[in-house]
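Peer 1: Pasting in a structure now, in structure tokens, and then I'll have a few things to ask.
Protein chains: 2
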Amino acid sequence: MTTRWLTPEEQRAWRAYIAAAHLLEDALDRQLQQDAGMPHLYYSILANLSDEPDHRLRMTDLAERTKITRSRLTYAVTRLEKDGLIRRENCNWDKRSSFAALTDEGMAVLERTAPGHVETVRAFLFDHLTKEQVGQLEEIFTEVTRALEADETRPSADEVPWRRRSSSSPCSGDASE
Amino acid sequence: MTTRWLTPEEQRAWRAYIAAAHLLEDALDRQLQQDAGMPHLYYSILANLSDEPDHRLRMTDLAERTKITRSRLTYAVTRLEKDGLIRRENCNWDKRSSFAALTDEGMAVLERTAPGHVETVRAFLFDHLTKEQVGQLEEIFTEVTRALEADETRPSADEVPWRRRSSSSPCSGDASE
DNA sequence: GGGGCTTGGTTCAAGTTTGAAACAAACCTA
DNA sequence: TAGGTTTGTTTCAAACTTGAACCAAGCCCC
């Protein structure tokens, strides 16, 4: 089967995406490192916790939310715990599990730094997009996410079904991830 | 000045983008690590070199193309050199500069692995997009790239103007970055 | 109710990235 | 043309990521 190379249009799109993705992630990391003393991923972890009604999540679920490996998360949580922004808690009904819970200090950091983060996201992304483009962005990447999650070769920690959320909480959605 | 939080639409778009970006980069890394023994970034470096008429580029220019820091590139090139896929060459007219040049072996690796890479990009991205969406993708991220490159806080290695390319070469564009 | 599979989480070593500092060569400019 | 600045690249230590291996605790099922 001969390769279906990218068309010129696809190539342009791909290169533009790759370039922007690198630059954007760098810009976010730089800004958050400055203002919050942590890279974007770590901020996202806090933001995801703040989204929960009780500000806590099992490690596996948190990994699922943030789309990172359990191993990576372990390391990150350890660091954030050292910084006093997160606390680990045991799970009653499953002795294997442990929770990561946002501390008050963690919440405070989030509240203090969320505005700057959102401002950056705006400055580099949304301020340059029309309403339609925002819609396109969502459609495109929601679909891509679906495709990627369906990928069987992906090392996944099968989502836990026994609890569905609805939630929303201070900073949280506001914190923008 | 009060924070302009993201609208619900923007939030959805942002989350979709973040999720897809993580998953996509992971998928590409995994596939290339498998088939080429290197992460996506390293493949991109080779691909960018193969795009040049003479298969070589000054370090700074290569860093500019790939949107990474000089420091990161130094490390990557050192590794690829160890693997025999790249060779460092001196610059005649500027003793400070050094070139990274694709070796025959590097070119061979690229040619061998490009089809699988393109296939992956297709499977997870383009196969799910309409022609219009491909266009939107390019527009959106071209604009975002422009915004990010205009950012003055960015630690940039000012692009060198004294040579403009036109080029295209085997694998190259085909290699898809 | 005891083996065997699965799941949740961590650990370890090797690899990669970061940002600041160091160096050297080129480029002013007085 | 000497001295100061800029530019091209590397180096270093600390931080982070990776993937495989590991350990426990639950689950299954005969």
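Protein chains in written order, with full-length UniProt numbering: chain P, 1 to 177; chain D, 1 to 177.
Beta carbons are placed, not taken as given, at the ideal position from N, Cα and C, and that holds for glycine.
(1) If we cut at 9 Å on Cβ distances, does P/T103 have a partner in chain D?
(2) Give every residue of the same chain whose Cβ lies closer than 8 Å to the Cβ of P/T74, excluding the five residues on either side of it in the sequence, and list them in chain order.
(3) Roughly how many angstroms lie between the CA atoms of P/A63 and D/C91, to the nearest whole one?
(4) Please classify D/Q136 as buried or exposed, where buried requires at least 16 neighbouring CB atoms within 10 angstroms.
(5) Distance cutoff 9 Å, beta carbons only. Does D/L80 sit that close to anything in chain P?
(6) Just mark P/R163 as buried or exposed, buried being the case when its beta carbon has 16 or more other beta carbons within 10 Å.
(7) What residue range does the alpha helix (DSSP H) around D/S50 cover?
(8) Helix or strand or just coil, what does DSSP make of P/I68?
(9) Where do the ends of the beta strand (DSSP E) carrying D/R87 lie?
(10) Check whether the Cβ of P/E52 lies closer than 8 Å to any heavy atom of the ligand ADP, and answer yes or no.
(11) Quick check on DSSP: helix, strand or coil for P/R58?
(12) Checking 9 Å against the spacing of the C-beta atoms, do P/T153 and D/A114 come in under that value?
(13) Where do the N-terminal and C-terminal ends of the beta strand (DSSP E) with P/F99 fall, by residue?
(14) So, under 8 Å CB-CB, D/V144 and P/L125 are touching, yes? Tell me the CB distance rounded to an integer number of Å.
(15) Who are the Cβ neighbours of D/R88 in its own chain at under 8 Å, not counting the five residues just before and after it?
(16) Counting only beta-carbon separations shorter than 9 Å, does D/R70 have a partner in chain P?
(17) Exposed or buried, P/D51, counting other C-beta atoms within 10 Å across all chains shown (16 or more means buried)?
(18) Suppose you measure from the CA of D/W14 to the CA of P/D54; what does that come to, to the nearest Å?
(19) Could you list which residues in chain P have their beta carbon closer than 7 Å to that of D/Y17, in chain order?
(20) Applying the criterion that 16 or more other CB atoms from any shown protein chain within 10 Å of the CB defines a buried residue, is D/R112 buried or exposed?
Peer 2: Result, derived from the coordinates:
(1) no
(2) M59
(3) 47 Å
(4) buried
(5) no
(6) Its pLDDT being 33, under 50, P/R163 is placed unreliably by the model, and the measurement read from it follows with that caveat. Burial call: exposed.
(7) 40-51
(8) coil
(9) 86-90
(10) Summarising the ligand content, the structure contains no ligands, and the ligand ADP is consequently not present.
(11) strand
(12) no
(13) 98-102
(14) 6 Å
(15) V77, E81, S98, F99, A100, A101
(16) no
(17) buried
(18) 24 Å
(19) L137, F141
(20) exposed
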